[in-house]
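Some notes on the structure that comes next.
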Amino acid sequence: HQDELNKLWIWRLLMRRKAIAVSLTFRVALLQNILILAQNKVAITTEGWASEGGVLDTILIVGIYILSAFLAIAALTVCLIYAMQSGPLRVREMWKEAMQQPYEEVLQRVRKSPFFRLRWLIASSYYFLA
């Protein structure tokens, strides 16, 4: 399975960025939480210039949104790596367990029966994400 993944350009791209995404997830979440705390402190302790709708408050809120976007991208990258690496193996194991037969026999049924092909597609999507 790993050899097949290594042939995919998207997999190679993700693996080159894996370390960055993992470390970035923690650092961005930490910075985002600091900005949230700062924004709450500014909103509670000051009035006028830094009050709700003020310049400092607006800067902090924009920073929080930007960091949220970076955090979502980094987390999605980590999830994609996990899903691509373990998903197909999980699907095989779940089908072998569900049908009590080798996966190759399950695939033969998929090729022969349109109804079973639909069942396989739906169940495999669930197994992949479970």
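Heads up: the sequence shown at position 2 corresponds to 40 in my numbering, and the numbers run straight through without jumps.
Don't be surprised by glycine CBs; every beta carbon is placed ideally from N, CA and C.
Looking only at its own chain, which residues have a Cβ that is under 7 Å from the Cβ of residue i, when we skip the five neighbours before and after it?
| i | result |
| --- | --- |
| residue 132 | 165 |
| residue 47 | none |
| residue 115 | 52, 55, 59 |
| residue 146 | none |
| residue 154 | 147, 148 |
| residue 98 | 73, 76, 77, 80 |
Determine the DSSP secondary structure at residue i, reduced to helix, strand or coil.
| i | result |
| --- | --- |
| residue 124 | helix |
| residue 87 | Confidence in residue 87 is poor, its pLDDT being 48 and thus under 50, which makes the residue's placement too unreliable to answer from. |
| residue 52 | helix |
| residue 46 | coil |
Just reading off the alpha helix (DSSP H) that residue i is part of, what are its end residues?
| i | result |
| --- | --- |
| residue 159 | 152 to 167 |
| residue 138 | Premise fails: residue 138 is in no alpha helix (DSSP H) and is neither H nor E. |
With distances taken from CA atoms, which of the options is nearest residue i?
| i | options | result |
| --- | --- | --- |
| residue 105 | 148, 61, 76, 65 | 65 |
| residue 56 | 154, 159, 120 | 120 |
| residue 103 | 157, 77, 124, 123 | 77 |
| residue 111 | 125, 61, 151 | 61 |
| residue 162 | 99, 149, 126, 43 | 126 |
| residue 168 | 140, 128, 113, 156 | 128 |
Hey, residue i and residue j are a contact pair by Cβ (cut 8 Å); roughly how many whole angstroms apart?
| i | j | result |
| --- | --- | --- |
| residue 70 | residue 109 | 6 Å |
| residue 30 | residue 101 | Because the chain in this structure spans residues 39 to 168, residue 30 falls outside the shown range and cannot be described. |
For residue i, which residues from the same chain have a beta carbon less than 6 Å from its beta carbon, with the 5 sequence-adjacent residues on both sides left out?
| i | result |
| --- | --- |
| residue 68 | none |
Who are the Cβ neighbours of residue i in its own chain at under 8 Å, not counting the five residues just before and after it?
| i | result |
| --- | --- |
| residue 144 | 133, 134, 137, 158 |
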